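Chain order of the listed sequences is A and B.
Residue numbering for the first sequence follows our numbering, beginning at 1 and increasing consecutively.
Residue numbering for the second sequence follows our numbering, beginning at 1 and increasing consecutively.
Every residue gets a Cβ at the ideal spot worked out from N, C-alpha and C, and that includes glycine.
Small disclaimer: the values here were computed from a predicted structure and weren't measured.
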Amino acid sequence: MKYILLMTGTKAGVDIYRTWSDKDIQAHFAFLTRLNRELTESGEFVATAPLAPPEQAKVVRAGRNGTPVTDGVFPESKEFLLGYWIVDVESPERAYAIAAKLSGGPRPGGTALSMPIEVRQMLTPHSAELP
Amino acid sequence: MLRELAPQVLGALTRRFRDFSAAEDAVQEALLAAAIQWPRDGLPENPRAWLIQVGARRMTDQIRQEGARRRRESEVAQQADTVGPAFEIGSDSYPDDTLVLLFMCCHPALTVASATALTLRAAGGLTTAEIARAFLVPEATMAQRISRAKQAIRASGVPFQMPPRKEWATRLTAVMHVLYLIFNEGYVATTGSQLQRLDLTSEAIRLTRILHRLAPEESEVAGLLALMLLTDARRAARTGAAQELIPLSRQDRSVWDAAEIAEGIALLSAALPKGSIGPYQLQAAISAVHSEAARAEDTDWPQILALYELLKRMSDNPVVMLNHAIAVAMVRGPAAGLQLLDELDRDERLAGHHRLPAVRAHLLEMAGDTARAATCYHIAAGGTSSQPEQVYLLTQAARLSKPDLDNSPGVSRDKGRS
């Protein structure tokens, strides 16, 4: 079963992250790279993508004749999607365990960031025959 | 033909070199070489021997290249002399190598995901890339699953030979389970994007055919093959133009595959009198009863109910209980079916399972209680992990919530229901 693990944060959180030292940033990315490798080695990795920072986010709606109408930058309080991981695992418990690992990435000083990770099962294209 | 030969070649190489993992790599390379050379140079006189020879050469090269080459070479030479009969090119002395392979790939030490991947690669002769695409995961991920499976086999020290007779039944059950999972994995609505996917249902049917040929006396294998064929026969009727699911009762039966149905029924008719009836034969028999009805209203529900009674006694599967409740409702009326569902509410294995509210909704609708039926369809839609089912359940809820409204464009309604 496939799950998507959604990492979200606020603009304020992103701003704090920008005050980290390069060492701290590197340590955090090394952690993520290691996790991705572990997931590939365990045969569970499907996909991941980091997203461009919230400043670049736009909300788009269809306007007249379907032309895009874009909305600008979000307010400070809004929660942003920062990145996602898709894993293919044997049980929901395993998806939660991976999410917990992801949430435990290091902050300056090495303690866990404990970022909230939203875990959602992805719908499959399969179905049983309906009577 | 290449894929038919793959497990035989793998069996021969494993038997000779006693290294399943290396033999498996060698077979993939031999298949690749054949795929390039045969169309160009024509089919060799003995394709199987050709593949064994290329694979063996590849393995010998591999052994030479490795660090402790002297020692290993002599070991292999010794083994080739002392262990079992040496392979002979063109010899068909091990016609059941494929069976040994299937037993090995579905070893209890492996996770289901690993066993499935390894079966497709070793017995199915598929490349890692093909299997990865079929399961919609990256190739590196699938390569790891296969390599972990091979490590687990190596670590467990399973020799390449048939397990002791007393283990056959459990191993055969494991093999059938894996083949059934492969079949289900492929059992999806056919959409444009999925045309790129390898057809796993066909692959499962092909492998089950081979298993049936190797173990013709095993009536559950025949039952499994019949079940797959009877289910696959309805593939074209299962989805509508917008890929929406069409339940059995509303399918256009004229597009069912008559040849597959005939083959499934013939297999079943030959298997059932043998006496050792199991869950696959029973499920196939239920499917066959549906297939024999020219119209949904002609369905012999009393017979289906009798078969579910038997199935219930044989397996403690809660999904069987749910289907049994539907059969009860069809024979004795919705109230009797609903009563059974109330009892199933206490079954912990069904807690949160979307099929329970889905079946309840269906029976409530039969009973004329549309309001509660709509609520149950909504609950079921919230619990399913299948996208086509979610759309179907939401459509049913919408149909019952707004019985007189039919103006919203793009909303799929019950068309052609008579």
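Under 9 Å between beta-carbons, which chain B residues line up against residue i? List them in chain order, please.
i               : result
Glu90 (chain A) : Thr111, Val112, Ala113
Val46 (chain A) : Leu136, Val137, Pro138, Thr141
What does residue i touch in chain B if you count any residue whose Cβ is under 8 Å from its own?
i               : result
Val69 (chain A) : Here the premise fails: no neighbours, minimum Cβ distance about 22 Å.
Met1 (chain A)  : Ser385
Suppose the cutoff is 8 Å on Cβ atoms and the five residues either side in sequence are ignored; what does the same chain contact list for residue i look like?
i                : result
Leu110 (chain B) : Leu118, Ala149, Ala152, Ile153
Leu229 (chain B) : Ile205, Glu260, Ile261, Glu263, Gly264, Leu267
Ser21 (chain A)  : Pro108
Leu400 (chain B) : Glu365, Thr370, Ala371, Ala373, Ala374, Tyr377
Trp256 (chain B) : Ala233, Arg234, Ala236, Ala237, Ser291
Gly63 (chain A)  : Val69
Find the residues of chain A that neighbour residue i, judging by a C-beta separation of less than 9 Å, and give them in chain order.
i                : result
Tyr392 (chain B) : Ser127, Leu130
Tyr308 (chain B) : Simply none; closest approach about 11 Å.
Gln339 (chain B) : Under the 9 Å cutoff, chain A gives no residues; its nearest Cβ is about 18 Å from Gln339 (chain B).
Ile326 (chain B) : Pro131
Gln144 (chain B) : Thr40, Glu41, Ser42, Gly43, Glu44, Phe45
Thr424 (chain B) : In this structure chain B extends from 1 to 418, so residue 424 (chain B) is not present and cannot be described.
Please list the partners that residue i has in chain A, where partner means a Cβ-to-Cβ separation under 7 Å.
i                : result
Ala140 (chain B) : Thr40
Arg295 (chain B) : Simply none; closest approach about 15 Å.
Arg148 (chain B) : Gly43
Tyr187 (chain B) : His126
Asn317 (chain B) : In chain order: nothing, as chain A lies at least about 13 Å away.
Buried or exposed: where does residue i fall if 16 or more other Cβ atoms within 10 Å of its Cβ makes it buried?
i                : result
Gly55 (chain B)  : buried
Leu81 (chain A)  : exposed
Pro108 (chain B) : exposed
Leu32 (chain B)  : exposed
Phe87 (chain B)  : Residue confidence for Phe87 (chain B) is low, a pLDDT of 37 falling below 50, so the modelled location carries little weight and cannot support an answer.
Glu24 (chain B)  : buried
Pro54 (chain A)  : buried
Met1 (chain B)   : exposed
Thr19 (chain A)  : exposed
Gln56 (chain A)  : exposed
Ala97 (chain A)  : exposed
Just to confirm, is the Cβ distance from residue i to residue j under 8 Å?
i                : j                : result
Asn65 (chain A)  : Thr48 (chain A)  : no
Leu307 (chain B) : Ala325 (chain B) : no
Ala30 (chain B)  : Leu51 (chain B)  : yes
Ser219 (chain B) : Ser287 (chain B) : no
Thr70 (chain A)  : Lys58 (chain A)  : yes
Leu305 (chain B) : Val319 (chain B) : no
Val119 (chain A) : Tyr3 (chain A)   : yes
Val100 (chain B) : Phe20 (chain B)  : no
Leu207 (chain B) : Leu179 (chain B) : yes
Leu6 (chain A)   : Ile117 (chain A) : yes
Thr141 (chain B) : Glu93 (chain A)  : no
Leu363 (chain B) : Leu356 (chain B) : no
Pro125 (chain A) : Gln387 (chain B) : yes
Arg209 (chain B) : Leu225 (chain B) : yes
Leu310 (chain B) : Leu272 (chain B) : no
Asp360 (chain B) : Leu341 (chain B) : Residue 360 (chain B) is actually Arg in this sequence, not Asp. Contact: yes.
Glu203 (chain B) : Leu338 (chain B) : no
Cys106 (chain B) : Ala35 (chain B)  : no
Arg250 (chain B) : Ala294 (chain B) : no
Met59 (chain B)  : Ala26 (chain B)  : yes
His28 (chain A)  : Gly105 (chain A) : yes
Grab me the residues of residue i's own chain with a C-beta within less than 7 Å of its C-beta, minus the 5 sequence neighbours each way, in chain order.
i                : result
Gly352 (chain B) : Gly383
Arg201 (chain B) : The residue you asked about is not Arg; residue 201 (chain B) is Thr in the sequence shown. Within the same chain, Thr201 (chain B) has close Cβ partners Phe183, Gly186, Tyr187, Asp232.
Ala113 (chain B) : Arg145
Gly223 (chain B) : Leu268, Ala271, Gly278, Tyr280, Gln281, Ala284
Ile131 (chain B) : Ala117, Leu120, Arg121, Met142
Does the Cβ of residue i lie closer than 7 Å to at least one heavy atom of the ligand ATP?
i                : result
Ser103 (chain A) : As presented, the structure is devoid of all ligands, the ligand ATP included, so that no description of it is given.
In chain A, which residues lie with their C-beta within 8 Å of the C-beta of residue i?
i                : result
Glu244 (chain B) : The premise fails here: Glu244 (chain B) is roughly 11 Å from chain A at the closest Cβ pair, so nothing lies under 8 Å.
Tyr280 (chain B) : Going along chain A, no residue has its Cβ under 8 Å from Tyr280 (chain B), so there is no contact; the nearest lies around 15 Å.
Using a C-beta to C-beta distance shorter than 7 Å, which residues of chain B count as neighbours of residue i?
i                : result
Leu123 (chain A) : Ser385, Ser386, Gln387, Gln390
Asp83 (chain A)  : Note that residue 83 (chain A) is Gly in the sequence shown, not Asp. The premise fails here: Gly83 (chain A) is roughly 17 Å from chain B at the closest Cβ pair, so nothing lies under 7 Å.
Gly66 (chain A)  : Within 7 Å Cβ-Cβ: nothing; Gly66 (chain A) doesn't reach chain B, min ~16 Å.
Might you give, ordered along the chain, the residues of its own chain that have their beta carbon closer than 6 Å to the beta carbon of residue i, omitting 5 neighbours on each side?
i                : result
Pro68 (chain A)  : Val60
Ile379 (chain B) : Pro357
Name the chain C residues that come within less than 9 Å of residue i, Cβ to Cβ?
i                : result
Leu248 (chain B) : Structure shown: chain C not included; protein chains present are A and B.
Legend entry - Segments assigned alpha helix (DSSP H), at least 4 residues, entirely inside the segment 195 to 268 of chain B: 200 to 214, 219 to 232, 235 to 238
Inset, instruction - At 4 residues or longer, and completely inside the segment 14 to 67 of chain B: list those alpha helix (DSSP H) runs for me, N to C. - result: Correct list: 20 to 41, 47 to 65.
Inset, instruction - Entirely within the segment 32 to 102 of chain A and at least 3 residues each: give me those beta strand (DSSP E) ranges in chain order. - result: 45 to 50, 59 to 62, 68 to 71, 79 to 88
Inset, instruction - Entirely within the segment 359 to 384 of chain B and at least 4 residues each: give me those alpha helix (DSSP H) ranges in chain order. - result: 370 to 383
Legend entry - beta strand (DSSP E) runs contained entirely in the segment 86 to 140 of chain B, provided each spans 3 or more residues: none
Inset, instruction - With a floor of 4 residues, list each alpha helix (DSSP H) that falls wholly inside the segment 266 to 301 of chain B, ordered by position along the chain. - result: 279 to 292
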